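In the working numbering, the protein residues as written are 96 to 383. Some notes on the structure that comes next.
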Ligand SMILES: [Zn+2]
């Protein structure tokens, strides 16, 4: 059998994923020549030797679509990295905030002390009156709800945006709360003003980290069911089919609106009769 370059000059190379009909080998980058007798572009599978027509699908538009796809994929990856970095940052800030919320800054006894700082953290005194107690409780509730919701959102985003990740492989979803609180702990250890309540503060950060981890895990577990419920309300059935992967990945079937299907069937006979009225002759003229 002749090699591909013995058949004629190489015109180009296969520039898209095209699969050999014989063995399924990816013909990407294989040489393309023009068959002299037939005048069609062909390439040859290096695995099984089968010839196949080249250029059925790799038009210039297809090549540019592939390039655009690569660019969009890169943008998507950076978007995901940015999104989860932001989640990490805010979860860490909330972890730190939950701890410092229970403290106050006190001026040091001697302004010129060995640490060179004129303030230090101490545990906040018990509330002086009911009004202050109520205000402190409200602040704590708002902070905890924000942390819990953000952690659950992080987990939910992970399970929806990284829908291809299943089972225990979804454990990296717990990285944002762990890393965030880890950074918070490091900052607290390095904070000279926290020297009198360092251990207490670390325990607080660890406890809050645990709370965020549990909320994130809940978010991972309910993320896709919640997303499906929201999409059912927000999107019409036909558009929703683009998001069918959110159903398929969990072994579910995307519910189809049966009403619209039966409507199409009702319209069909009318459409065919209309089609009969506008039959096109072989010469391209309307027969009427
Ligand atoms: Zn092959």
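Glycine included, each C-beta is placed from N, C-alpha and C at the ideal position. None of these values were measured; they are calculated from a predicted model.
Would you say residue i touches ligand 1, meaning its beta carbon is less than 8 Å from a heavy atom?
{"i": "residue 120", "result": "yes"}
{"i": "residue 347", "result": "no"}
{"i": "residue 145", "result": "yes"}
{"i": "residue 117", "result": "yes"}
{"i": "residue 142", "result": "yes"}
Along the chain, where does the beta strand (DSSP E) that runs through residue i open and close?
{"i": "residue 173", "result": "No beta strand (DSSP E) contains residue 173, which is instead part of the alpha helix (DSSP H) from 155-195."}
{"i": "residue 147", "result": "146-148"}
{"i": "residue 348", "result": "Element bounds for residue 348: n/a, residue is neither H nor E."}
{"i": "residue 202", "result": "198-202"}
{"i": "residue 136", "result": "136-139"}
Grouping DSSP H, G and I as helix and E and B as strand, with all else coil, what is residue i?
{"i": "residue 374", "result": "Interpretation of residue 374 is limited by its pLDDT of 42, a score under 50 that renders its predicted location unreliable; the figure taken from the coordinates is listed afterwards. Looking at residue 374 - three-state DSSP - the assignment turns out to be coil, as it is neither helix nor strand."}
{"i": "residue 339", "result": "coil"}
{"i": "residue 128", "result": "strand"}
{"i": "residue 123", "result": "coil"}
{"i": "residue 232", "result": "helix"}
{"i": "residue 117", "result": "coil"}
{"i": "residue 218", "result": "strand"}
{"i": "residue 111", "result": "coil"}
Buried or exposed: where does residue i fall if 16 or more other Cβ atoms within 10 Å of its Cβ makes it buried?
{"i": "residue 386", "result": "Beyond the ends of the chain as shown, which are 96 and 383, falls residue 386; an answer cannot be given."}
{"i": "residue 213", "result": "exposed"}
{"i": "residue 272", "result": "buried"}
{"i": "residue 300", "result": "buried"}
{"i": "residue 249", "result": "buried"}
{"i": "residue 337", "result": "exposed"}
{"i": "residue 118", "result": "exposed"}
{"i": "residue 143", "result": "exposed"}
{"i": "residue 215", "result": "buried"}
{"i": "residue 263", "result": "exposed"}
{"i": "residue 174", "result": "exposed"}
{"i": "residue 164", "result": "exposed"}
{"i": "residue 180", "result": "exposed"}
{"i": "residue 259", "result": "exposed"}
Considering residue i, what are the terminal residues of the alpha helix (DSSP H) in which it resides?
{"i": "residue 314", "result": "293-329"}
{"i": "residue 99", "result": "That residue, residue 99, is in no alpha helix (DSSP H); it is neither H nor E in DSSP."}
{"i": "residue 263", "result": "Neither: residue 263 is in no alpha helix (DSSP H) and is coded neither H nor E."}
{"i": "residue 276", "result": "270-285"}
Less than 8 Å between the CB of residue i and some heavy atom of ligand 3, yes or no?
{"i": "residue 138", "result": "The ligand content of the structure shown is limited to ligand 1, which means ligand 3 is not among them."}
Touching or not, the segment 154-166 and the segment 242-260, by the rule of three or more beta carbon pairs under 8 Å? The segment 242-260 and the segment 154-166 do not touch, with fewer than three beta-carbon pairs separated by less than 8 Å.
Touching by the beta-carbon criterion (3+ pairs, under 8 Å), the segment 314-328 and the segment 249-264: yes
Decide yes or no for the touch test of the segment 100-110 against the segment 126-139: beta carbon pairs closer than 8 Å, at least 3 of them. yes
Do the segment 278-294 and the segment 220-232 make contact, defined as three or more Cβ pairs closer than 8 Å? no
State whether the segment 196-206 contacts the segment 268-282, with contact taken as three or more CB pairs (one from each stretch) at a distance under 8 Å. no
Cβ pair count under 8 Å reaching 3, the segment 295-311 against the segment 331-350: no
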